[in-house]
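A.B. asks: Residue numbers (full-length UniProt numbering): 1 to 315. Backbone N, C-alpha and C define an ideal beta-carbon position, used for all residues, glycine too.
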Ligand code: SF4
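#1: Do you know how far the Cα of residue 41 is from the Cα of residue 188?
#2: Report the residue from 156, 222 and 274 whose alpha carbon sits nearest the alpha carbon of residue 177.
#3: So, with DSSP's three-state summary, where would you put residue 10?
#4: Could you tell me the boundaries of the beta strand (DSSP E) in which residue 241 lies?
#5: What residues come near the ligand SF4, if near means a beta carbon less than 6 Å from any of its heavy atoms?
#6: Going by DSSP, name the residue or residues bridged to residue 205.
#7: For residue 195, tell me which candidate among 71, 237, 158 and 103 has the shortest Cα-Cα distance.
#8: Whole angstroms is fine: what's the gap from residue 197's alpha carbon to residue 204's?
#9: So, residue 137 versus residue 80, is the Cβ gap smaller than 7 Å?
#10: Contact between the region 33-47 and the region 55-72 is defined here as three or more beta-carbon pairs at a separation below 8 Å; is this criterion met?
#11: Please go through the region 257-296 and give each complete alpha helix (DSSP H) segment of 4 or more residues, from N-terminal end onward.
#12: Return the CA-CA distance between residue 83 and residue 6, expressed in angstroms with no decimal places.
#13: Based on DSSP bridge pairs, tell me the residues matched to residue 309.
#14: With 16 as the cutoff for other CB atoms within 10 Å, does residue 132 come out buried or exposed?
#15: What do you get for residue 314, buried or exposed, if any count of 16 or more other CB atoms within 10 angstroms of its CB means buried?
#16: For residue 343, list the residues DSSP reports as bridge partners.
#17: Which one of 244, 279, 306 and 263 has the shortest CA to CA distance from residue 293?
#18: Does the Cβ-Cβ distance between residue 213 and residue 302 come in under 7 Å?
#19: Figure out for me which residue from 156, 192 and 134 has the closest Cα to the Cα of residue 235.
#20: Checking the sheet assignment: what are the DSSP bridge partners for residue 30?
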């Protein structure tokens, strides 16, 4: 296995600076199968946390990659668990976080929050310094339509788990609400989400829209006017509200195996064609390597909302 399968990036992110992604789950295992998921439809739905990678292996591969990056003058601001699925399905994530703390860099976890009703999951996630929790809807019908959760999950329990986590967590908690046209972008849904978020008091509530190719082709971005209304409704209840609509600004490529690097990044972040082109310019044979990835169908080009993206083919 290449290091790029467990770590990827860093990806420049407004929220986290230069974020080195940690992929602690095999693609694509999740508790949800969100209609807008940029990794595609969930291949394996699970709700029982289990073993994926050994924490020392995650630590060793991350440390190696960090060393490669810093030797090239790179800076990493955050090590972020943001895999091809739900990171809390990894029963040893808490151990992995503890071991990564030794690297002296902030640890972040981006979770859908669906397993936070389990005390052991809350304990593991609480070891991170920064946590993002997804709350797209607090209405069970709407939640089932947009997040398509594992049938054994109950929204009431999920929301109680998020509240319990927020009560005890001492780090920075932020939330992410993805709005999909015609599904959860009505004022009533947005107001109800804002009311729930007001109870957990996130440091910042992000409003997102599906700007990358979604799992389901029919998914549409709400109009700008709807996004503006949502922002207004959120700010009535919450102190800090921001959009999360930007495409990746830049990403660093390190190491000799450019193909693995690109596959590592595109496993989690579809890349705009022009972003990849600018990366390839600096690399010998870059264009040829990309063409080979496309020819072998490891990567495919898709169009969405007027942009061309390179995405990983899952099957
Ligand atoms: S968006 Fe996140 S929570 Fe939803 S299916 Fe994709 S990986 Fe799972």
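C.D. replies: So, from the data block:
#1: 28 Å
#2: 222
#3: strand
#4: 241-244
#5: 30, 32, 33, 34, 37, 39, 42, 85, 86 and 112
#6: Beta-bridge partners assigned by DSSP to residue 205: 175 and 241.
#7: 237
#8: 10 Å
#9: Cβ atoms of residue 137 and residue 80: not closer than 7 Å.
#10: no
#11: 258-266, 273-281 and 286-295
#12: 9 Å
#13: 272 and 302
#14: buried
#15: Here the model assigns residue 314 a pLDDT of 47, short of 50, so the residue's position is not dependable, and the following value carries that caveat. Exposed is the call here.
#16: Lying outside 1 to 315, the shown extent of the chain, residue 343 is not represented and no answer is given.
#17: 263
#18: Between residue 213 and residue 302, the C-beta gap is smaller than 7 Å, which places the two residues in contact.
#19: 192
#20: Answer is 45.
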